[in-house]
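Numbering (UniProt numbering), first residue to last: 1 to 370. Reviewing the structure listed below.
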Ligand code: NDP
Ligand code: GDR
């Protein structure tokens, strides 16, 4: 039985990848940070009682900022594959916590690579590094491929650039099977609530159900190449199953502005929007509502701009060229953008129908929509 060790197991990708690898017959070990509340919602369905025999999914307390802890866990697990998914992954927040981001996202990757060397596992353990399309930052060429020059535009992207190159360097210096997956944005019903797609699908569901008045967003002109996380974790696995360690771009090859994602999300609920104004004065109002379930007045303003969500330096356009991954990995995504929006919208409507029901019964529900 192959053993995989995942950092970031409680995150969006950690949850989908764990599920995928368990189905493949792996023993999956996940590193989880200690938190004052349980934060395992995304992996609770995979949880196995550690007292039982033949446990295939095991959690270890750990942190990418703690070398000794990483060395100990890796020594204990002796993994065949490590997927380094753990990171402070929010681009906007990295401007507020740049030093921590560099430590966890940049040096954290070095700590894992060094742990393998210290433990003399560098020829046994393959490693996948969660690299990102944010490396391309300020547009140098489109579409962006494995040979496009990097120009990072945030403390997050700069930290990930260190992680990218240290992974390449350890591959070349020590002959390690260490690979970067340069993944473009991928989303799902499990996406963190403050990334733009999930913020939009949550906002649209809550507005339709009368639980939220308006959705405040930042730059609606930014364009992203959005895929479904379920498809993207399969690519991570494929990257480590090749004969040679290499780096791959994983993307759909289609780019869409944030504004269009907003339109598609509301449309999925039968609500048509009309956008007007420019820059900070842009807004969207309800132009038609074909769904009798939702009592929305025509002309009601449902989307407005809040400058707080603008970034000091923005990444305007991302569009990936997935030719290499299609040809070499045989990777092909099953979800297109419409199917992704549908999946996320259906899930959030269900979630907030439950909250609306609880609220009606006098229970307090969480009302944050940052
Ligand atoms: P999430 O933000 O959903 O998950 C991040 C995970 O990292 C969480 O489990 C989090 O733990 C954990 N983590 C954060 N800091 C530390 C730390 N110091 N030590 C150990 N674990 C830590 O991210 P995604 O699942 O979306 O992304 C997975 C990886 O892929 C990330 O590295 C991200 O930067 C990268 N990436 C993501 C893309 C995307 O579109 N989703 C695209 C390209 C790259 P906790 O739950 O405790 O917060
Ligand atoms: P991104 O994702 O920065 O691409 O990083 P995010 O969803 O945060 O932003 C995408 C674009 O939408 C614009 N935007 C807003 N973003 C947020 N979060 N909130 C808003 O209200 C809002 N309004 C407009 C942003 O300015 C941006 O242009 C994600 C993360 O998962 C990274 O970890 C990963 O590496 C990259 O994707 C690929």
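The beta-carbon is built from N, C-alpha and C at its ideal position, and this holds for glycine as well. Remember, it's a predicted structure, so these values are computed and weren't measured experimentally.
- Under the rule that a run must span 3 or more residues, the beta strand (DSSP E) segments found entirely inside the stretch 83-169 read 126-132.
- Within the stretch 225-277, complete beta strand (DSSP E) segments of at least 3 residues are found at 248-250 and 271-276, given in chain order.
- With a cut-off of 7 Å, the C-beta of residue 89 is classified as near the ligand GDR, since at least one heavy atom of the ligand falls inside that distance.
- In terms of CA proximity to residue 343, 227 leads the group 358, 293, 306 and 227.
- DSSP, read as helix, strand or coil, puts residue 45 in helix.
- When only Cα atoms are considered, residue 161 and residue 358 end up about 45 Å apart.
- The beta-carbon separation of residue 215 and residue 77, rounded to 43 Å, does not stay under the 8 Å limit for a contact.
- With 16 or more other Cβ atoms inside 10 Å of its own Cβ, residue 198 counts as buried.
- Following the DSSP letters along the chain, one finds residue 209 in no alpha helix (DSSP H), marked with neither H nor E.
- Residue 238 and residue 164 have their alpha carbons spaced roughly 18 Å apart.
- About 5 Å separates the Cβ atoms of residue 180 and residue 129, confirming a contact at the 8 Å cut-off.
- Less than 8 Å separates the beta-carbon of residue 27 from that of residue 1.
- No heavy atom of the ligand NDP is found nearer than 7 Å to the CB of residue 145.
- Less than 8 Å separates the beta-carbon of residue 86 from that of residue 7.
- Around residue 5, the same chain offers 29, 77, 79 and 82 as residues with beta carbons nearer than 6 Å, after the five sequence neighbours per side are excluded.
- Residue 315 carries a coil assignment under DSSP once its states are collapsed to helix, strand and coil.
- Measuring C-alpha to C-alpha distances from residue 159 to each of 320, 146, 14 and 97 identifies 97 as the nearest.
- By the C-beta criterion, the stretch 200-212 is judged to be in contact with the stretch 346-356, since at least 3 inter-stretch pairs fall below 8 Å.
- Judged by DSSP in its simplified three-state form, residue 352 adopts helix.
- In the DSSP annotation of this structure, the continuous segment of the alpha helix (DSSP H) that includes residue 16 starts and ends at 12-23.
- Across the structure, residue 252 and residue 136 are spaced so that their CA atoms are roughly 16 Å apart.
- In the DSSP annotation of this structure, residue 68 is not part of any beta strand (DSSP E); the continuous alpha helix (DSSP H) holding it starts and ends at 67-77.
- Residue 315 is positioned such that its CB atom lies closer than 8 Å to that of residue 134.
- Residue 328 sits in a helix when the DSSP states are folded into three classes.
- Taking the Cα of residue 232 as reference, the smallest distance to any Cα among 312, 242, 249 and 266 is reached at 249.
- In the DSSP assignment, residue 284 falls within the beta strand (DSSP E) that extends over 283-289.
- Just measuring C-alpha positions, the residue of 50, 108 and 47 sitting nearest residue 62 is 108.
- Residue 32 is a Cβ neighbour of residue 59, given a cutoff of 8 Å.
- Residue burial is scored here from C-beta neighbours: residue 116 has at least 16 other C-beta atoms within 10 angstroms and is therefore classed as buried.
- In the three-state reduction of the DSSP assignment, residue 32 falls in the strand class, which pools E and B.
- Here DSSP, grouped into helix, strand and coil, assigns residue 320 to strand.
- Within the same chain, and ignoring the five residues on either side of residue 208 in sequence, the residues whose Cβ sits closer than 6 Å to its Cβ are 269 and 294.
- Pairing residue 84 with residue 112 gives a Cβ-Cβ distance under 8 Å.
- Within the chosen limit of 7 Å, the ligand GDR reaches the beta carbon of residue 219 through at least one heavy atom.
- A straight line joining the alpha-carbon of residue 326 with that of residue 360 spans about 49 Å.
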